[in-house]
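Q:
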Amino acid sequence: MSEHVVPLRIYYTVFAALLFLTGLTVFVAFFDLGTLNTIVALTIAVIKATLVVLFFMHVWYSSKLTWVFVGAGIFWFLILIAFLFGDVLTRDWLPTAVGWEGN
Amino acid sequence: MSEASSPLAHHFDDLSQQKEATSLGMWTFLVTEILFFGGLFAGYAQYRGAYPHAFEAGSHHLDIVLGGINTVVLIASSLTMALGVHASQLGKRKKTAIFLLATVALGLVFLGIKAAEYTHKYHEGLIPGAGFALQGAERQQMLFFAFYFVMTGLHAAHMIIGVVVVTIIAFQAWRGRYSPAYYGPVEVTGLYWHFVDIVWIFLFPLLYLLGRH
Chain R
0 MSEHVVPLRI
10 YYTVFAALLF
20 LTGLTVFVAF
30 FDLGTLNTIV
40 ALTIAVIKAT
50 LVVLFFMHVW
60 YSSKLTWVFV
70 GAGIFWFLIL
80 IAFLFGDVLT
90 RDWLPTAVGW
100 EGN
Chain E
0 MSEASSPLAH
10 HFDDLSQQKE
20 ATSLGMWTFL
30 VTEILFFGGL
40 FAGYAQYRGA
50 YPHAFEAGSH
60 HLDIVLGGIN
70 TVVLIASSLT
80 MALGVHASQL
90 GKRKKTAIFL
100 LATVALGLVF
110 LGIKAAEYTH
120 KYHEGLIPGA
130 GFALQGAERQ
140 QMLFFAFYFV
150 MTGLHAAHMI
160 IGVVVVTIIA
170 FQAWRGRYSP
180 AYYGPVEVTG
190 LYWHFVDIVW
200 IFLFPLLYLL
210 GRH
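Going line by line, the protein sequences match chains R and E. Read in order, the letters of the first sequence are residues 0 to 102 in numbering that gives the first Met the number 0. Read in order, the letters of the second sequence are residues 0 to 212 in numbering that gives the first Met the number 0.
#1: Does E:Tyr117 come out as helix, strand or coil in the three-state DSSP assignment?
#2: Using a Cβ-Cβ cut-off of 7 Å (strictly less than) and excluding sequence neighbours within five positions of R:Leu50, which residues of its own chain qualify?
#3: Restricting to Cα atoms, I'd like to know which of E:Asp62, E:Asp196, E:Ala169 is closest to E:Ser87.
#4: Between E:Val84 and the rest of its own chain, which residues show a CB-CB distance below 6 Å, the 5 nearest in sequence each way excluded?
#5: Considering Cα atoms alone, identify which of E:Tyr50, E:Leu73, E:Ala136 is closest to R:Lys47.
#6: Alpha carbon to alpha carbon, how far is R:Gly72 from E:Leu34? Give it in angstroms, no decimals.
#7: Would you mind working out which of E:Tyr181, E:Gly124, E:Phe203, E:Val103 sits nearest E:Gln140, comparing C-alpha positions?
#8: So, helix, strand or coil for E:Ser178, using DSSP?
#9: Does R:Glu100 come out as helix, strand or coil in the three-state DSSP assignment?
#10: Got a sec: which bits of the stretch 174–207 of chain E sit with their beta carbon under 7 Å from any beta carbon on chain R, in order along the chain?
#11: Below 8 Å on the Cβ atoms is my guess for E:Leu202 versus E:His157; work out the distance and round it to an integer in Å.
#12: Rounded to the nearest angstrom, what separates E:Lys113 and E:Val195 at their Cα positions?
#13: Taking C-alpha atoms, which residue in E:Pro51, E:Leu23, E:Ala75 lies nearest to E:Ile200?
#14: Since E:Thr70 is in the alpha helix (DSSP H), which residue starts that stretch and which ends it?
#15: Answer yes or no: does any C-beta atom of chain E fall closer than 8 Å to that of R:Ala28?
#16: Would the beta-carbon of E:Leu208 fall within 8 Å of that of E:Glu55?
#17: Excluding five sequence neighbours on each side, which residues of the same chain lie with their C-beta closer than 6 Å to the C-beta of R:Val27?
#18: List, in order along the chain, the chain R residues whose C-beta lies closer than 7 Å to that of E:Val30?
#19: Among E:Met150, E:Phe40, E:Ile160, E:Ala104, which residue has its Cα nearest to the Cα of E:Tyr117?
#20: Touching or not, the stretch 89–105 of chain E and the stretch 130–144 of chain E, by the rule of three or more beta carbon pairs under 8 Å?
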């Protein structure tokens, strides 16, 4: 088999990093940073998820085709988010047509 | 190895092609899962944007200690899962089974804590519906709890499926079904388990840590 066996120390290092980042995200949550709170929390979550995908899920050692599949999933999710907020955040940019003002 | 007991299915050229196809099949499923959970995360984002105060107030009702312990439990279960796959790659039959059973045990701890949290929320009257305990402007928090129960409930359903599947794979590993040449089922079960862990990695800060300050 040409399959790559990941050295155990990589798993332990990733595990330690995940625990550290969990502690960090809890710690930061107790400070009022305004909208930065959400940005920091999501950044840490994305870093944790990336570590899991690359090492626990072996994508780092996988074929380019696997990278394309994983990338496709993330890309389609970003389309979902982009079009949702493209709609929601821009609703009051244009004047409402006569008769559609609502209450 | 005789033809009948060979792990190579007849429609593949060789074992590495079979292994690649197995992983890609699981990844294809996981991509649909990203969008399955993605829709809920998108809905959460939009409504939290619309009712930021109700979401912050609702988040205060969640127990950060239990949520934090569950996060650590799930990360530990991902480690034992990875170690189980590693043992199966090396053909260590018993070690594979033991690590997989450890993963199952941690998964059950997670589900037990989740059940205790749900019970507590039930007694506090925080289940969305006509009997929702909070009145007046606080009643808007019902929306937060609707997202909380649907998202963590769907996640818990994935955990239950994972616990069943990992138990079966552990049993098969114990019986010597897998080898360094054929461990695809262990590998893809691991992919599924890690994915469920990743969903929780996002749920924990978005539900429990929001507005903790």
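We put the beta carbon where it would ideally sit given N, CA and C, even for glycine.
A: Result, derived from the coordinates:
#1: Along the second sequence, read from residue 1 onward, the residue named residue 117 of chain E stands at position 118. Reduced to three states, the DSSP call for E:Tyr117 is helix.
#2: Here residue 50 of chain R refers to the residue found at position 51 of the first sequence. Taken in chain order, the residues that qualify are Val13, Ala16, Leu17.
#3: Numbered from 1 along the second sequence, position 88 holds the residue referred to as residue 87 of chain E. Comparing Cα-Cα distances from E:Ser87 to each of E:Asp62, E:Asp196, E:Ala169, the minimum goes to E:Ala169.
#4: Position 85 of the second sequence, counted from the start, is the residue given in the question as residue 84 of chain E. If we look at E:Val84 and ignore the five residues flanking it on each side, its Cβ neighbours are Val185, Glu186, Gly189.
#5: The residue labelled residue 47 of chain R in the question sits at position 48 within the first sequence. Among E:Tyr50, E:Leu73, E:Ala136, the Cα nearest to that of R:Lys47 belongs to E:Leu73.
#6: Counted from its first residue, the second sequence places residue 34 of chain E at position 35. Counted from its first residue, the first sequence places residue 72 of chain R at position 73. Between E:Leu34 and R:Gly72, the C-alpha separation is close to 7 Å.
#7: Residue mapping note: residue 140 of chain E aligns to position 141 of the second sequence, counting from 1. Selected option, being the one with the closest Cα: E:Gly124.
#8: On the second sequence, position 179 is the one that residue 178 of chain E refers to. Strand.
#9: What you label residue 100 of chain R is simply residue 101 of the first sequence in a count that begins at 1. In the structure shown, R:Glu100 sits in coil (DSSP, three-state: anything other than H, G, I, E or B).
#10: Pro179, Ala180, Leu190, His193, Asp196, Ile197, Ile200, Phe201, Pro204
#11: The residue you call residue 202 of chain E lines up with position 203 of the second sequence. The residue you call residue 157 of chain E lines up with position 158 of the second sequence. Not confirmed; about 11 Å, so no contact.
#12: Mapped onto the second sequence, residue 113 of chain E falls at position 114. Mapped onto the second sequence, residue 195 of chain E falls at position 196. Roughly 15 Å separates the two Cα atoms.
#13: In the second sequence, the residue the question calls residue 200 of chain E occupies position 201. If we check each option's Cα against that of E:Ile200, E:Ala75 comes out closest.
#14: What you label residue 70 of chain E is simply residue 71 of the second sequence in a count that begins at 1. Run containing E:Thr70: 63–88, per the alpha helix (DSSP H) assignment.
#15: Here residue 28 of chain R is taken as the residue at index 29 of the first sequence, counted from 1. So yes, R:Ala28 belongs to the interface.
#16: Along the second sequence, read from residue 1 onward, the residue named residue 208 of chain E stands at position 209. Along the second sequence, read from residue 1 onward, the residue named residue 55 of chain E stands at position 56. No, the pair does not count as a contact, with Cβ atoms beyond the cut-off.
#17: Residue 27 of chain R sits at position 28 when you count from the first residue of the first sequence. Result list for R:Val27: Val39, in chain order.
#18: Here residue 30 of chain E refers to the residue found at position 31 when the second sequence is read from its first residue. Those within 7 Å of E:Val30 in chain R are Phe68, Ala71, Gly72.
#19: One-based indexing of the second sequence puts residue 117 of chain E at position 118. Checked all of E:Met150, E:Phe40, E:Ile160, E:Ala104; the closest Cα to E:Tyr117 is E:Met150.
#20: no
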